[in-house]
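The structure appears right after this line, and notes come after that.
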Amino acid sequence: MDRESHSGSEEVGEPSALAGLALLRLQSAVVTAMSRIRQRVVQGFAVFSVVSLLLWLATFLYGSFYYSYMPKATFSAPVHYYYRTNCESSTSFLCSYPVANISLMRNKKHVLTFGQAYRISLQLEMPESPANQELGMFMIRTTCFSRDGGHVASSARSSMLRYRSNLLRNLGTMLFLPAFLTGVTEQKQVLEVELFSDYTDDPYAPSDTAVIEILSSKVQIYSSELYIHAHFTGLRYLLFYFPVISALVGVSSNFIFLSVLFVFSYMRLLLRIEWKPEQVRGGQDNTQLTAHSILSLAAVHEAAGSSPDNPHKPEPGEAQRGFALWRQHRAAEQKYTWSGRNKRNRGSLITLIKAREGGSAEGDPDSEA
Numbered sequence: 001m002d003r004e005s006h007s008g009s010e011e012v013g014e015p016s017a018l019a020g021l022a023l024l025r026l027q028s029a030v031v032t033a034m035s036r037i038r039q040r041v042v043q044g045f046a047v048f049s050v051v052s053l054l055l056w057l058a059t060f061l062y063g064s065f066y067y068s069y070m071p072k073a074t075f076s077a078p079v080h081y082y083y084r085t086n087c088e089s090s091t092s093f094l095c096s097y098p099v100a101n102i103s104l105m106r107n108k109k110h111v112l113t114f115g116q117a118y119r120i121s122l123q124l125e126m127p128e129s130p131a132n133q134e135l136g137m138f139m140i141r142t143t144c145f146s147r148d149g150g151h152v153a154s155s156a157r158s159s160m161l162r163y164r165s166n167l168l169r170n171l172g173t174m175l176f177l178p179a180f181l182t183g184v185t186e187q188k189q190v191l192e193v194e195l196f197s198d199y200t201d202d203p204y205a206p207s208d209t210a211v212i213e214i215l216s217s218k219v220q221i222y223s224s225e226l227y228i229h230a231h232f233t234g235l236r237y238l239l240f241y242f243p244v245i246s247a248l249v250g251v252s253s254n255f256i257f258l259s260v261l262f263v264f265s266y267m268r269l270l271l272r273i274e275w276k277p278e279q280v281r282g283g284q285d286n287t288q289l290t291a292h293s294i295l296s297l298a299a300v301h302e303a304a305g306s307s308p309d310n311p312h313k314p315e316p317g318e319a320q321r322g323f324a325l326w327r328q329h330r331a332a333e334q335k336y337t338w339s340g341r342n343k344r345n346r347g348s349l350i351t352l353i354k355a356r357e358g359g360s361a362e363g364d365p366d367s368e369a
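Under the UniProt record's numbering, the first residue of the sequence shown is numbered 1, with each subsequent residue one higher.
Here it is as structure tokens:
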């Protein structure tokens with residue numbers, strides 16, 4: 001009966017043990033899976049952070065380069081003409097031609113970039129009045145001055161209203177009569193006069209002011225505008241006319257360069273690679289200096305022990321302990337590579353230590369006893 005009950009209890013205990021073992025294995029598998037998932041999440045977050053940082057740095061570097069390298073493409077400024085009225089003759093009210101001064105500075109900075117070619121033009125909005133029709137051709141003179149008032153560049157261009165016959169003018173008036181009556185449009189012409197086709201600013205005498213003078217006192221003008229357009233060539237042409245492709249190439253190049261630097265830095269930190277030979281020579285010099293200090297200390301102890309005035313006698317094993325201390329320091333410096341010369345120095349150093357050990361052992365009678 002006892003055997004039957006004992007066998008029955010064993011049969012009952014085996015499934016429980018198997019169940020416990022299965023639970024332990026399941027728990028171990030769950031813990032292992034969770035640790036792996038946690039490790040993957042941490043690694044993924046680290047990789048995402050590094051890639052995001054490198055991408056942001058690449059974008060920042062490209063943006064900084066673009067902002068510093070690319071000049072402003074266009075610049076415009078209104079032109080306001082004035083007349084001198086301090087006339088000596090009372091019969092004439094206007095004593096000069098219409099003149100305008102335009103500043104080529106914005107926020108205390110030059111608008112024109114040194115070495116960049118520009119196209120400078122003047123836009124005139126003139127009415128189709130009988131005075132302008134009878135005026136015919138007129139001259140426009142432009143002069144650029146530096147900050148100290150020096151003459152930098154000048155040009156003279158001619159212009160006039162486009163000819164329209166009386167029949168064409170009358171037909172246009174009848175056709176656009178409602179627009180003329182409501183003020184939607186006006187009887188005017190817009191002229192664009194090219195003042196400089198390829199103007200390059202002088203870095204030693206940059207232009208600060210442009211003076212525009214119309215050589216006719218009878219000209220009638222509604223408004224006027226000065227336009228400066230940059231004429232890009234080479235790399236600036238690609239950056240301006242193909243901005244998306246240039247941005248992709250620039251950011252990608254910066255990202256690859258930064259990634260290579262990061263990988264090499266990480267490998268150097270991980271593998272403890274010392275690239276600088278000065279560090280290797282410095283480590284070897286430190287090792288030689290330490291060994292030399294140990295030998296000097298042993299020599300001092302030997303000299304002190306051999307002196308009759310010094311009651312302290314060095315122990316026989318001091319040289320051996322000094323040599324052991326040097327061996328420990330040498331083991332800590334194994335990461336540095338010995339050159340051929342340093343190997344010979346090391347052999348001489350070990351020979352000298354052994355010679356001192358033999359000398360100290362022979363000169364100490366107590367140790368022999």
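For glycine and all other residues, C-beta sits at the position ideal for the given N, C-alpha and C.
So who's on the other strand from residue i, going by DSSP bridges?
| i | result |
| --- | --- |
| Thr-209 | Ser-103, Phe-145 |
| Thr-74 | His-229 |
| His-80 | Paired residue(s): none; His-80 is not in a bridge. |
| Ser-159 | Phe-138 |
| Thr-200 | Ala-117 |
| Met-126 | Gln-189 |
What does the alpha-carbon distance come out to for the pair residue i and residue j?
| i | j | result |
| --- | --- | --- |
| Glu-192 | Pro-203 | 28 angstroms |
| Thr-142 | Pro-206 | 16 angstroms |
| Arg-38 | Gln-27 | 16 angstroms |
| Tyr-67 | Asn-170 | 53 angstroms |
| Tyr-241 | Leu-235 | 10 angstroms |
| Ser-64 | His-151 | 35 angstroms |
| Glu-134 | Gly-115 | 42 angstroms |
| Gly-183 | Phe-255 | 57 angstroms |
| Arg-264 | Gln-43 | As written in the sequence, residue 264 is Phe, which differs from the Arg given in the question. The alpha-carbon atoms of Phe-264 and Gln-43 are separated by roughly 19 angstroms. |
| Arg-40 | Leu-21 | 28 angstroms |
| Leu-24 | Arg-36 | 18 angstroms |
| Ser-76 | Val-244 | 26 angstroms |
| Pro-253 | Ser-52 | One point to set straight first is that residue 253 is Ser, not Pro, in the sequence displayed. Going from the Cα of Ser-253 to the Cα of Ser-52 covers about 15 angstroms. |
| Pro-130 | Ala-156 | 25 angstroms |
Below 8 angstroms CB to CB, which residues in the same chain sit around residue i once its five sequence neighbours on both sides are set aside?
| i | result |
| --- | --- |
| Ala-19 | none |
| Ala-117 | Asp-198, Tyr-199, Thr-200, Ala-230, His-231, Thr-233 |
| Asp-208 | Ser-103, Leu-104, Met-105, His-110, Phe-145, Ser-146, Arg-147 |
| Pro-308 | Because the pLDDT of Pro-308 is 43, which lies under 50, any placement of that residue in the model is unreliable, and the question is left without a value. |
| Gly-136 | Met-160 |
| Tyr-82 | Pro-98, Val-99, Ala-100 |
Within its chain, find whatever has a CB closer than 6 angstroms to the CB of residue i; leave out the 5 residues flanking it on each side and keep chain order.
| i | result |
| --- | --- |
| Ser-246 | Leu-238, Leu-239 |
| Thr-113 | Pro-71 |
| Ile-120 | Leu-195, Phe-196, Tyr-199, Ile-228 |
| Ser-158 | Met-137, Met-139 |
| Phe-48 | none |
| Val-211 | Asn-101, Thr-143 |
| Thr-173 | none |
| His-312 | No answer about His-312 holds up, because its pLDDT of 47 lies below 50 and its placement is not dependable. |
List the whole-angstrom C-beta distance separating residue i from residue j, where the pair is believed to meet the contact cut-off of C-beta under 8 angstroms.
| i | j | result |
| --- | --- | --- |
| residue 449 | Asn-132 | Not covered by the structure: residue 449. The range shown for the chain is 1 to 369. |
| Met-139 | Leu-215 | 4 angstroms |
| Leu-226 | Val-99 | So it is not a contact: roughly 14 angstroms between Cβ atoms. |
| Val-50 | Gln-123 | Their Cβ separation, rounded to whole angstroms, is 53 angstroms, which puts Val-50 and Gln-123 out of contact at 8 angstroms. |
For residue i, I'd like the list of residues in its chain whose CB is within less than 7 angstroms of its CB, leaving aside the five on either flank, ordered along the chain.
| i | result |
| --- | --- |
| Ser-16 | none |
| Arg-162 | Gln-189 |
| Thr-185 | Phe-176, Ala-179 |
**Report entry** At least 3 beta-carbon pairs within less than 8 angstroms: the region 54-62 vs the region 254-270
**Finding:** Cβ pair count under 8 angstroms is three or more, so yes.
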